[in-house]
Amino acid sequence: MCDFTYVPMFGDEFLRLILSILLFFCCVILAQIFMYKKNWGVAFWSCFAIFLVVLGGYGYVIHRLYLENTFSYDGFISGAGFLTVVGLLFSKSKGEEIIFNDKLINNDTPMFLTSFIVFSIIYVLTVDYNFECIYDASQLFIEALQIIVYPVLLLLGLTAFLFRFVVCIYVFAICMALFIIEDMVSVYYILSLITDESITVETMMLAIISTIISIMSICILIKAKRVYNRRRVND
Numbered sequence: 731m732c733d734f735t736y737v738p739m740f741g742d743e744f745l746r747l748i749l750s751i752l753l754f755f756c757c758v759i760l761a762q763i764f765m766y767k768k769n770w771g772v773a774f775w776s777c778f779a780i781f782l783v784v785l786g787g788y789g790y791v792i793h794r795l796y797l798e799n800t801f802s803y804d805g806f807i808s809g810a811g812f813l814t815v816v817g818l819l820f821s822k823s824k825g826e827e828i829i830f831n832d833k834l835i836n837n838d839t840p841m842f843l844t845s846f847i848v849f850s851i852i853y854v855l856t857v858d859y860n861f862e863c864i865y866d867a868s869q870l871f872i873e874a875l876q877i878i879v880y881p882v883l884l885l886l887g888l889t890a891f892l893f894r895f896v897v898c899i900y901v902f903a904i905c906m907a908l909f910i911i912e913d914m915v916s917v918y919y920i921l922s923l924i925t926d927e928s929i930t931v932e933t934m935m936l937a938i939i940s941t942i943i944s945i946m947s948i949c950i951l952i953k954a955k956r957v958y959n960r961r962r963v964n965d
């Protein structure tokens, strides 16, 4: 049985917008690292640390103050937090160039895959969610993205960046593309079920802003990868 819960009207939409903005900054920093060989590893990890603080703070408010019966990101925050701390500790000193691995198979592959699989399994096993709270297909799609796809993809992207695999730029681009899909589904859900015009307009505005930010992030990452490829060929 799914218990009735009271949560802020635009909690999820505002959270998605804030998280998309923080991921946008992460993508910008990542692009600078790829395009101009900037040693901005500390900046990247610091920005993602803020992302985790926002996500954890929202989870605390929902669970502690509003007592919503929802899933928990504790496992993801713990795993991503550990990767962030390790990334900060092992970031190269100023002036050193960050070199990425273009091939998936190399000496770092076993540690990369092991770290990703372990943290992903820990997260999936710690998910606390009441599946009886799913009412329709659009909600199932959105919550599947939020519960499984996003966290696992972000863990993959963080682990790939930690071990300096080029694939990390693709992973973050995919995450931002999924943000766009989620925003579209959210708008469809609002237009189909919500009759209050003010709620519809505010939700659509947040979704449109989030979509624009996500598109900008994808374009920045695509440009960064092209510049990186040209430089690699010339070198």
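For the sequence shown, the residue numbers in our numbering are 731 to 965. Just so you know, even glycine gets a beta-carbon here, dropped at the ideal spot from N, CA and C.
| query | result |
| --- | --- |
| Report the start-end ranges of each alpha helix (DSSP H) in the region 801-853 that is 4 residues or longer and not cut off at the edges. | 804-819 |
| CA-CA distance, residue 884 and residue 964? | 31 Å |
| So does the region 900-912 actually touch the region 838-851, counting three or more Cβ pairs closer than 8 Å? | no |
| Tell me whether residue 916 is buried or exposed, calling it buried when 16 or more other Cβ atoms sit within 10 Å of its Cβ. | buried |
| Under 6 Å Cβ to Cβ from residue 779, same chain only, skipping five residues before and after it: list those, please. | 814 |
| Nearest to residue 768 by alpha carbon, out of 759, 776 and 775? | 759 |
| Hey, how far is the Cα of residue 944 from the Cα of residue 862? | 31 Å |
| If we ignore side chains and look at the alpha-carbon of each, how far apart do residue 787 and residue 811 end up? | 14 Å |
| Cutting at 7 Å between CB atoms, please list the residues of its own chain near residue 871, excluding the five before and the five after it. | 915 |
| Between the beta-carbon of residue 940 and the beta-carbon of residue 750, is there less than 8 Å? | yes |
| Spell out the partners DSSP gives residue 895 in its beta bridges. | 831 |
| Taking only three categories from DSSP, how would you classify residue 772? | helix |
| Taking DSSP as the reference, what is the three-state secondary structure of residue 857? | coil |
| Could you pull the start and end residues of the alpha helix (DSSP H) that residue 948 belongs to? | 927-964 |
| Alpha carbon to alpha carbon, what distance is there between residue 851 and residue 899? | 23 Å |
| Suppose contacts are defined by Cβ-Cβ distances below 8 Å. Is residue 772 in contact with residue 818 by that definition? | yes |
| Measure the alpha-carbon distance for residue 913 versus residue 753 and round it to whole angstroms. | 15 Å |
| With residue 889 and residue 845 assumed to form a contact (beta carbons below 8 Å), what rounded beta-carbon distance in angstroms separates them? | 5 Å |
| Have a look at residue 847 and residue 928 and give me their C-alpha separation to the nearest angstrom. | 44 Å |
| Helix or strand or just coil, what does DSSP make of residue 865? | coil |
| Taking a contact to mean a Cβ-Cβ separation below 8 Å, would you say residue 834 touches residue 897 in this structure? | yes |
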